[in-house]
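Asker:
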Amino acid sequence: MDPINETHVNRPGLAVIEIAGADDSTVFAIQAALAARWATAAADRTTREVGQPGVRLRYYLDLYQPLDS
15 MDPINETHVN RPGLAVIEIA GADDSTVFAI QAALAARWAT AAADRTTREV GQPGVRLRYY
75 LDLYQPLDS
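In our numbering, the protein residues as written are 15 to 83.
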């Protein structure tokens, strides 16, 4: 994955979330749980690192934009 740069987290409350899991369904379930609570720029595909087990998913979250229940 590309490195996280200052633009991604240029103010408090912005976060870059990177999830590592055994499979796509696991990491997408975690993303959905967080997206149900806060505004996110959801990712739609995972990445695999050669020679490493599992998958990774990176997306962006804004803690200052909570979603109404």
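For each residue, glycine too, the CB sits at the ideal point set by N, CA and C. All values reported here derive from a predicted model rather than from experimental measurement.
Taking the runs of the beta strand (DSSP E) that are 3 residues or longer, which of them lie wholly in the stretch 24 to 71?
Answerer: Entirely contained in the stretch 24 to 71, the beta strand (DSSP E) runs reaching 3 residues are, in chain order, 28 to 35, 52 to 55.
Asker: Any idea what DSSP makes of L75, helix, strand or coil?
Answerer: strand
Asker: Can you give me the Cβ contacts of H36 inside the same chain, cut-off strictly under 7 Å, excluding the 5 residues immediately before and after it?
Answerer: Strictly speaking, residue 36 in this sequence is Ala, with His absent from that position. By the criterion of a C-beta distance shorter than 7 Å, A36 is surrounded in its chain by G68, once the five residues flanking it on both sides are discounted.
Asker: For R62, which residues from the same chain have a beta carbon less than 7 Å from its beta carbon, with the 5 sequence-adjacent residues on both sides left out?
Answerer: V69
Asker: Check this for me: beta carbons of T54 and L75, under 8 Å apart or not?
Answerer: yes
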